[in-house]
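Colleague: Got a structure here, written out as structure tokens. Questions coming.
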Amino acid sequence: MPHSPDLIGHRIQLLELRDTPLSLDEVYAAVGDPTAGGIALFVGTVRDHDGGKSVASLEYSAHPTAERDLHRLAERVIAGFPVRALAAVHRTGHLAIGDIAVIAAISCPHRTEAFEACRRLVDDLKHEVPIWKHQIFSDGSDEWVGAC
Numbered sequence: 336m337p338h339s340p341d342l343i344g345h346r347i348q349l350l351e352l353r354d355t356p357l358s359l360d361e362v363y364a365a366v367g368d369p370t371a372g373g374i375a376l377f378v379g380t381v382r383d384h385d386g387g388k389s390v391a392s393l394e395y396s397a398h399p400t401a402e403r404d405l406h407r408l409a410e411r412v413i414a415g416f417p418v419r420a421l422a423a424v425h426r427t428g429h430l431a432i433g434d435i436a437v438i439a440a441i442s443c444p445h446r447t448e449a450f451e452a453c454r455r456l457v458d459d460l461k462h463e464v465p466i467w468k469h470q471i472f473s474d475g476s477d478e479w480v481g482a483c
């Protein structure tokens with residue numbers, strides 16, 4: 336059962352954009368709840384290719400409203416799912432191949448709800464939060480992804 340608006344803010348445990356490495360342990364610990372039977376955790380990493388081209392590195396930048404938009408999305412997910420706790424962090428700045436770019440975790444009473452809520456959060460974050468990826472390819476070319 337979804338939560339009332341007065342409980343939504345209490346379910347958000349961690350939401351940040353950071354220019355420092357992200358911690359799986361920190362995000363996982365943030366969503367621990369004795370009433371949760373399932374925790375879904377998503378980790379997005381920098382891959383070495385995109386669109387058939389070899390990626391050398393990338394850089395994330397964010398609009399000043401990005402954290403506010405992320406908070407709005409988190410509230411929407413909590414309003415639509417029986418979330419016990421939610422946490423999400425996204426990197427900004429320069430990242431190398433293999434670095435963690437985003438971590439999202441949600442705890443719910445059951446696994447299906449946790450999976451669905453976490454997927455909604457990650458999908459909406461990717462499509463609605465103004466975070467832009469500047470990919471640098473091995474051939475020296477580059478590309479902006481998500482920029483307006």
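Heads up: the sequence shown begins at 336 in the numbering used here, then just goes up one per residue. All residues carry an ideal CB built from backbone N, CA and C; glycine is no exception.
#1: From the DSSP output, in three-state form, read off residue 371 for me.
#2: Is it right to say residue 419 is buried, meaning 16 or more other beta carbons lie within 10 angstroms of its own, or is it exposed?
#3: Roughly how many angstroms lie between the CA atoms of residue 364 and residue 398, to the nearest whole one?
#4: Closer than 6 Å to a non-hydrogen atom of the ligand FMN - does that hold for the CB of residue 395?
#5: Tell me, please, which residues DSSP counts as bridged to residue 385.
#6: Going by beta carbon distance, what residues of the same chain come within less than 6 Å of residue 483, once the five residues before and after it are set aside?
#7: Quick one: give me the first and last residue of the beta strand (DSSP E) that residue 416 is part of.
#8: How long is the line joining the alpha carbons of residue 489 and residue 412, rounded to whole angstroms?
#9: On the criterion of 16 or more Cβ atoms from any shown chain inside 10 Å, does residue 351 qualify as buried, or is it exposed?
Modeller: Taking the coordinates as given:
#1: coil
#2: buried
#3: The straight-line gap from Cα to Cα measures roughly 28 Å.
#4: Looking at this structure, you won't find the ligand FMN or any other ligand, since it has none at all.
#5: 388
#6: Residue placement at residue 483 is flagged as unreliable, the pLDDT there being 46, under the threshold of 50; the coordinate-derived value follows with that caveat. Nothing listed; no residue qualifies.
#7: Careful: residue 416 lies outside any beta strand (DSSP E) and carries neither H nor E.
#8: Here the chain covers residues 336 to 483 and nothing more, so residue 489 does not appear.
#9: exposed
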